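Each residue of the sequence shown is one higher than the last, beginning at 105 in the working numbering.
Comments concern the structure below.
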Amino acid sequence: MAKAGATTKSAGLVLAMVVVQLWVMLRSAEATTYVVGNTTGWSNKANGGASFYSSWASSHTFKVDDILVFNFISGQHDVAVVSESDFNSCSTGSPINLLSNPPVNYTLNSTGTTYFTCTHDSHCSEGQKLSVTIGTASGPTSSPPSTTTSPPPPPPSNSSTPSNSSTGHMYVPYLVIFTSMAISLVS
Ligand SMILES: [Cu+2]
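Following this line, the structure appears as structure tokens:
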């Protein structure tokens, strides 16, 4: 009797561990943090210039809610989010967004391509530029921009708020399944 009880107890413990592990795995698949340029960071002196950042970007598959970390020395660089044409021509005079306090953590909040560069001196033309594309199954949304200048709303699926408490609900079904499995095994 005592032996059976101990077996039940350890089986329950193992299952609890599996549940926790699965939960951690699922949560880590949620959003990934990428350090731009890895140890090189965000620089105009990257080996290979612009191709350094394009190959860095192509070595990753980005998704909405992923975070880009731009590491650089304060005052030497900045992170400008620019339009495609400004990106191509290295026009840094009218960025969409300008972030200058390192480390800059930028959350990718929509599908499509986001263009980054540095506004300091000629850093852009020296290769300090990065474009990051988040693909969709059917490509970028085809709805033309209308009168509004506000950014497009986030996709309606998944979480409307990025907080952990709301996304945590997504995994409740898994926990229920595993808990019921555990109960059926021990009973
Ligand atoms: Cu720079």
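Ideal placement from N, C-alpha and C gives every residue a C-beta, glycine not left out.
Just so you know, these numbers come straight off a predicted model, no measurement behind them.
Do residue j and residue i have their beta-carbon atoms positioned less than 9 Å apart in this structure?
i, j, result
"Asn209", "Thr137", "yes"
"Phe176", "Ser155", "no"
"Asp170", "Leu212", "yes"
"Ser204", "Ser229", "no"
"Phe191", "Tyr219", "yes"
"Val183", "Ile200", "no"
"Ser235", "Ser159", "no"
"Gly231", "Gly145", "no"
Can you tell me which of the options puts its alpha carbon nearest to the alpha carbon of residue i?
i, options, result
"Ser214", "Thr237, Ser158 and Ala184", "Thr237"
"Ser195", "Thr217, Lys149, Ala150 and Thr221", "Thr221"
"Asp225", "Lys149, Asn142, Ser114 and Glu134", "Lys149"
Hey, could you find the ends of the alpha helix (DSSP H) residue i is sitting in?
i, result
"Ala154", "Ala154 to Ser162"
"Phe174", "Premise fails: Phe174 lies in the beta strand (DSSP E), Ile171 to Phe174, not in any alpha helix (DSSP H)."
"Asn192", "Glu188 to Ser193"
Need the endpoints of the beta strand (DSSP E) that residue i sits in, please.
i, result
"Ser235", "Lys233 to Ile238"
"Leu202", "Asn201 to Leu203"
On the CB-based measure, 16 or more other CB atoms within 10 Å of its CB, does residue i come out buried or exposed?
i, result
"His181", "buried"
"His227", "buried"
"Thr165", "exposed"
"Thr223", "buried"
Pull every residue with its beta-carbon under 5 Å away from any heavy atom of ligand 1, and keep them in chain order. Going by the Cβ distance cut-off, the answer is Asn148, His181, Cys222, His224, His227 and Gln232.
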